[in-house]
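So the structure is just underneath, and the comments pick up after that.
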Amino acid sequence: MSRYTITESVGSHVESVQRYEDLEKHHPSSGQEPGRDYATVDGRLEEVRHVGGHTYVKKDMIFAVDHGGPTNIPAPANGFVHYLHDPTNAVRIYDRPFGEPGAVMLAQVLHMRPGTSPAEGSRVEYGAPLGRMGDTGTPGSIHAHIEMEPGAFRRYIADIERGAITPDRHPSGPNPAPLPGGDAMVDGVLRAGEHGTQVRSLQQRLNALGVHDAHGRAIPVDGDFGARTDEALRNFQRAQGLGVDGVAGRDTFAA
(Lines of atoms letter the chains of each structure in order from A and count residues from 1; the text may use other names and numbers.)
(Lines give C-alpha, C1' and ligand atoms only; values in the text may rest on other atoms or scores of the structure.)
Protein backbone atom coordinates (compact mmCIF):
# COMPACT_ATOMS: atom_id res chain seq x y z
CA MET A 1 0.00 0.00 0.00
CA SER A 2 1.41 3.37 -1.01
CA ARG A 3 1.94 6.10 1.59
CA TYR A 4 2.40 9.83 1.86
CA THR A 5 5.56 11.33 3.27
CA ILE A 6 5.77 14.94 4.45
CA THR A 7 8.81 17.20 4.47
CA GLU A 8 9.37 20.93 4.80
CA SER A 9 12.01 23.33 3.59
CA VAL A 10 13.81 25.18 6.39
CA GLY A 11 16.51 27.54 5.17
CA SER A 12 18.79 25.57 2.88
CA HIS A 13 17.80 22.09 4.03
CA VAL A 14 14.82 19.74 4.06
CA GLU A 15 13.39 18.28 7.26
CA SER A 16 11.12 15.27 7.76
CA VAL A 17 7.70 15.88 9.31
CA GLN A 18 6.16 13.10 11.39
CA ARG A 19 3.93 15.13 13.73
CA TYR A 20 2.38 18.57 13.88
CA GLU A 21 5.00 19.83 16.31
CA ASP A 22 7.71 19.14 13.70
CA LEU A 23 6.31 21.85 11.45
CA GLU A 24 8.12 25.17 11.71
CA LYS A 25 6.44 28.55 11.79
CA HIS A 26 5.19 29.66 8.38
CA HIS A 27 8.18 31.18 6.54
CA PRO A 28 10.54 30.29 9.40
CA SER A 29 13.51 32.23 8.00
CA SER A 30 11.61 35.49 7.61
CA GLY A 31 10.76 36.44 11.20
CA GLN A 32 7.57 38.47 11.53
CA GLU A 33 6.70 39.86 8.12
CA PRO A 34 4.79 43.14 7.72
CA GLY A 35 1.10 42.79 6.86
CA ARG A 36 0.78 39.32 8.37
CA ASP A 37 -0.97 38.26 11.59
CA TYR A 38 0.89 36.41 14.34
CA ALA A 39 -0.18 34.91 17.65
CA THR A 40 1.20 32.66 20.36
CA VAL A 41 -0.51 29.28 19.90
CA ASP A 42 0.26 26.44 22.31
CA GLY A 43 3.30 28.37 23.50
CA ARG A 44 4.76 28.96 20.02
CA LEU A 45 4.74 32.02 17.80
CA GLU A 46 2.69 31.20 14.70
CA GLU A 47 1.43 33.02 11.66
CA VAL A 48 -2.35 32.82 11.78
CA ARG A 49 -5.52 33.76 9.96
CA HIS A 50 -8.67 34.86 11.80
CA VAL A 51 -11.99 33.92 10.17
CA GLY A 52 -15.40 34.03 11.85
CA GLY A 53 -13.98 34.15 15.36
CA HIS A 54 -11.70 31.15 14.75
CA THR A 55 -7.90 31.15 14.61
CA TYR A 56 -6.21 29.05 11.94
CA VAL A 57 -2.49 28.27 11.98
CA LYS A 58 -0.65 28.53 8.65
CA LYS A 59 1.88 25.85 7.69
CA ASP A 60 3.85 24.98 4.54
CA MET A 61 4.83 21.42 3.70
CA ILE A 62 5.66 19.14 0.80
CA PHE A 63 3.75 15.92 0.18
CA ALA A 64 5.25 13.02 -1.74
CA VAL A 65 4.10 9.48 -2.53
CA ASP A 66 6.39 6.48 -2.54
CA HIS A 67 5.56 5.59 -6.15
CA GLY A 68 6.62 9.05 -7.36
CA GLY A 69 4.86 11.39 -9.76
CA PRO A 70 2.45 14.30 -9.16
CA THR A 71 0.92 14.33 -5.69
CA ASN A 72 -2.59 15.17 -4.59
CA ILE A 73 -3.08 16.92 -1.26
CA PRO A 74 -5.36 14.89 1.03
CA ALA A 75 -8.33 16.94 2.20
CA PRO A 76 -7.65 18.17 5.75
CA ALA A 77 -11.34 18.20 6.67
CA ASN A 78 -14.70 16.70 5.82
CA GLY A 79 -16.98 19.35 4.31
CA PHE A 80 -17.92 21.55 1.36
CA VAL A 81 -15.59 23.24 -1.12
CA HIS A 82 -15.53 27.02 -1.60
CA TYR A 83 -13.16 28.89 -3.92
CA LEU A 84 -11.86 32.39 -3.20
CA HIS A 85 -10.88 32.83 -6.88
CA ASP A 86 -7.67 34.58 -5.88
CA PRO A 87 -4.12 34.38 -7.32
CA THR A 88 -3.20 31.49 -4.98
CA ASN A 89 -6.19 29.34 -6.02
CA ALA A 90 -7.28 29.25 -2.37
CA VAL A 91 -9.75 26.48 -1.59
CA ARG A 92 -11.67 26.54 1.68
CA ILE A 93 -13.57 23.68 3.27
CA TYR A 94 -16.68 24.59 5.26
CA ASP A 95 -18.79 22.43 7.54
CA ARG A 96 -21.82 23.19 5.34
CA PRO A 97 -22.24 24.82 1.93
CA PHE A 98 -20.72 28.31 1.87
CA GLY A 99 -23.38 30.97 2.30
CA GLU A 100 -25.61 28.88 4.56
CA PRO A 101 -26.21 30.51 7.96
CA GLY A 102 -23.65 29.40 10.53
CA ALA A 103 -21.19 27.96 8.01
CA VAL A 104 -17.77 27.52 9.67
CA MET A 105 -14.47 27.28 7.84
CA LEU A 106 -12.62 24.09 8.77
CA ALA A 107 -9.51 24.44 6.62
CA GLN A 108 -7.94 26.38 3.77
CA VAL A 109 -5.43 25.13 1.18
CA LEU A 110 -3.44 27.34 -1.21
CA HIS A 111 -1.33 26.91 -4.37
CA MET A 112 -2.98 23.79 -5.81
CA ARG A 113 -2.95 23.32 -9.56
CA PRO A 114 -6.11 24.89 -11.08
CA GLY A 115 -8.67 22.48 -12.42
CA THR A 116 -7.66 19.56 -10.18
CA SER A 117 -10.07 20.18 -7.28
CA PRO A 118 -13.79 19.41 -6.90
CA ALA A 119 -16.31 21.96 -8.13
CA GLU A 120 -17.65 24.78 -5.97
CA GLY A 121 -20.03 23.43 -3.33
CA SER A 122 -18.93 19.83 -3.75
CA ARG A 123 -18.65 17.68 -0.65
CA VAL A 124 -15.15 16.37 0.00
CA GLU A 125 -14.27 13.61 2.45
CA TYR A 126 -11.49 13.91 5.01
CA GLY A 127 -8.30 12.44 3.56
CA ALA A 128 -9.63 12.15 0.00
CA PRO A 129 -7.73 13.93 -2.80
CA LEU A 130 -8.47 17.67 -2.70
CA GLY A 131 -6.27 18.80 -5.56
CA ARG A 132 -2.82 18.44 -7.07
CA MET A 133 0.03 20.09 -5.18
CA GLY A 134 1.24 23.00 -7.26
CA ASP A 135 2.87 26.41 -7.35
CA THR A 136 -0.08 28.66 -8.18
CA GLY A 137 0.83 32.10 -6.87
CA THR A 138 4.36 30.92 -5.99
CA PRO A 139 5.96 30.08 -9.36
CA GLY A 140 8.70 27.48 -9.05
CA SER A 141 7.87 26.58 -5.44
CA ILE A 142 5.63 23.50 -5.52
CA HIS A 143 4.29 22.88 -2.03
CA ALA A 144 1.15 22.70 0.10
CA HIS A 145 0.04 25.64 2.22
CA ILE A 146 -2.57 24.49 4.74
CA GLU A 147 -4.43 26.45 7.42
CA MET A 148 -6.31 24.73 10.26
CA GLU A 149 -7.04 24.98 13.94
CA PRO A 150 -4.22 23.32 15.92
CA GLY A 151 -6.15 20.32 17.25
CA ALA A 152 -7.44 19.37 13.82
CA PHE A 153 -3.97 19.94 12.35
CA ARG A 154 -2.44 17.52 14.87
CA ARG A 155 -4.94 14.83 13.99
CA TYR A 156 -4.40 15.34 10.24
CA ILE A 157 -0.62 14.90 10.43
CA ALA A 158 -1.00 11.97 12.85
CA ASP A 159 -3.49 10.22 10.55
CA ILE A 160 -1.09 10.55 7.61
CA GLU A 161 1.87 9.33 9.65
CA ARG A 162 0.05 6.25 11.02
CA GLY A 163 -1.37 5.29 7.64
CA ALA A 164 -5.04 6.14 8.20
CA ILE A 165 -4.72 8.53 5.25
CA THR A 166 -2.88 7.23 2.18
CA PRO A 167 -3.20 7.82 -1.57
CA ASP A 168 -5.42 4.72 -1.62
CA ARG A 169 -7.57 5.11 1.48
CA HIS A 170 -9.00 7.67 3.85
CA PRO A 171 -11.07 7.47 7.04
CA SER A 172 -14.30 8.54 5.31
CA GLY A 173 -13.97 5.97 2.56
CA PRO A 174 -16.23 2.94 2.28
CA ASN A 175 -15.75 0.51 5.18
CA PRO A 176 -12.24 1.61 6.18
CA ALA A 177 -10.43 -1.01 8.23
CA PRO A 178 -9.82 0.04 11.84
CA LEU A 179 -6.30 1.17 12.65
CA PRO A 180 -4.63 1.19 16.05
CA GLY A 181 -3.84 4.44 17.79
CA GLY A 182 -6.65 6.56 16.36
CA ASP A 183 -8.24 8.87 18.90
CA ALA A 184 -10.53 11.72 17.94
CA MET A 185 -10.16 13.05 21.50
CA VAL A 186 -6.36 13.38 21.26
CA ASP A 187 -6.70 17.15 21.78
CA GLY A 188 -9.48 16.85 24.39
CA VAL A 189 -12.32 17.94 22.10
CA LEU A 190 -14.52 16.66 19.29
CA ARG A 191 -15.17 18.79 16.22
CA ALA A 192 -16.37 18.63 12.62
CA GLY A 193 -14.32 16.30 10.42
CA GLU A 194 -13.45 13.84 13.20
CA HIS A 195 -14.44 10.19 13.33
CA GLY A 196 -14.56 7.29 15.75
CA THR A 197 -16.26 5.77 18.76
CA GLN A 198 -16.19 9.03 20.75
CA VAL A 199 -18.08 10.76 17.95
CA ARG A 200 -20.58 7.90 17.87
CA SER A 201 -21.11 8.25 21.64
CA LEU A 202 -21.71 11.98 21.24
CA GLN A 203 -24.27 11.31 18.50
CA GLN A 204 -26.07 8.76 20.67
CA ARG A 205 -26.23 11.21 23.56
CA LEU A 206 -27.58 14.05 21.41
CA ASN A 207 -30.28 11.80 19.98
CA ALA A 208 -31.19 10.50 23.45
CA LEU A 209 -31.63 14.10 24.62
CA GLY A 210 -33.88 14.84 21.66
CA VAL A 211 -31.42 17.34 20.17
CA HIS A 212 -31.67 17.31 16.39
CA ASP A 213 -30.09 18.93 13.35
CA ALA A 214 -31.11 22.24 11.75
CA HIS A 215 -34.11 20.57 10.09
CA GLY A 216 -35.37 18.87 13.25
CA ARG A 217 -34.14 15.42 12.27
CA ALA A 218 -32.37 12.91 14.49
CA ILE A 219 -28.73 12.67 13.48
CA PRO A 220 -27.15 9.48 12.13
CA VAL A 221 -25.10 7.47 14.62
CA ASP A 222 -22.23 6.65 12.27
CA GLY A 223 -19.14 7.95 14.07
CA ASP A 224 -18.70 10.70 11.44
CA PHE A 225 -18.77 14.26 12.80
CA GLY A 226 -20.38 15.85 9.76
CA ALA A 227 -22.61 18.85 9.16
CA ARG A 228 -25.72 17.36 10.83
CA THR A 229 -23.82 16.41 13.99
CA ASP A 230 -22.38 19.92 14.07
CA GLU A 231 -25.86 21.44 13.77
CA ALA A 232 -27.21 19.28 16.60
CA LEU A 233 -24.24 20.06 18.84
CA ARG A 234 -24.67 23.80 18.27
CA ASN A 235 -28.37 23.49 19.10
CA PHE A 236 -27.43 21.72 22.34
CA GLN A 237 -24.85 24.36 23.25
CA ARG A 238 -27.36 27.13 22.55
CA ALA A 239 -30.04 25.47 24.69
CA GLN A 240 -27.56 25.05 27.57
CA GLY A 241 -26.36 28.66 27.43
CA LEU A 242 -22.85 27.61 26.39
CA GLY A 243 -20.59 29.19 23.84
CA VAL A 244 -21.89 28.07 20.45
CA ASP A 245 -18.83 26.92 18.52
CA GLY A 246 -19.67 23.37 17.40
CA VAL A 247 -16.76 21.99 19.42
CA ALA A 248 -17.52 19.44 22.13
CA GLY A 249 -15.11 20.13 24.97
CA ARG A 250 -15.13 19.98 28.75
CA ASP A 251 -18.03 22.41 29.26
CA THR A 252 -20.20 20.70 26.66
CA PHE A 253 -19.63 17.23 28.11
CA ALA A 254 -20.34 18.50 31.62
CA ALA A 255 -23.67 20.11 30.65
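According to the UniProt record's numbering, the stretch in the sequence shown is residues 1 to 255, in order. Each residue gets a CB set at the ideal place from its N, CA and C atoms; glycine is no exception.
Three or more beta-carbon pairs drawn from the stretch 88-99 and the stretch 130-141 are found closer than 8 Å, and the two stretches are therefore classed as touching.
Taken in chain order, the unbroken stretches of alpha helix (DSSP H) that lie wholly in the UniProt domain "Peptidoglycan binding-like" (196-255) and span 4 residues or more are 197-208, 227-239, 250-254. Residues 4 of the same chain have their beta carbon placed closer than 6 Å to that of residue 160, with the five preceding and five following residues left out of the count. Judged by their CB atoms, residue 202 and residue 166 are not nearer to each other than the 9 Å cut-off. Every beta strand (DSSP E) stretch that sits fully inside the stretch 118-144 and reaches 3 residues is listed by chain position as 129-132. If you draw a straight line from the Cα of residue 250 to the Cα of residue 122, it comes to about 33 Å. Boundaries for residue 69: no alpha helix (DSSP H) harbours it, and the DSSP string shows neither H nor E there. In this structure residue 48 touches residue 55 by the C-beta definition: roughly 5 Å separates them, less than 8 Å. In this chain, residue 152 is not harboured by any beta strand (DSSP E); it is covered by the alpha helix (DSSP H) spanning 150-161.
Residue 215 counts as exposed, since fewer than 16 other C-beta atoms from the protein chains shown sit within 10 angstroms of its C-beta.
Per DSSP, residue 18 lies in no beta strand (DSSP E) and is assigned neither H nor E. The stretch 113-121 and the stretch 195-213 do not touch, with fewer than three beta-carbon pairs separated by less than 8 Å. The secondary-structure analysis by DSSP pairs residue 58 across a beta bridge with 147.
The residue from 2, 158, 120, 255 with its alpha-carbon nearest to that of residue 23 is 158. Residue 108 sits in a strand when the DSSP states are folded into three classes.
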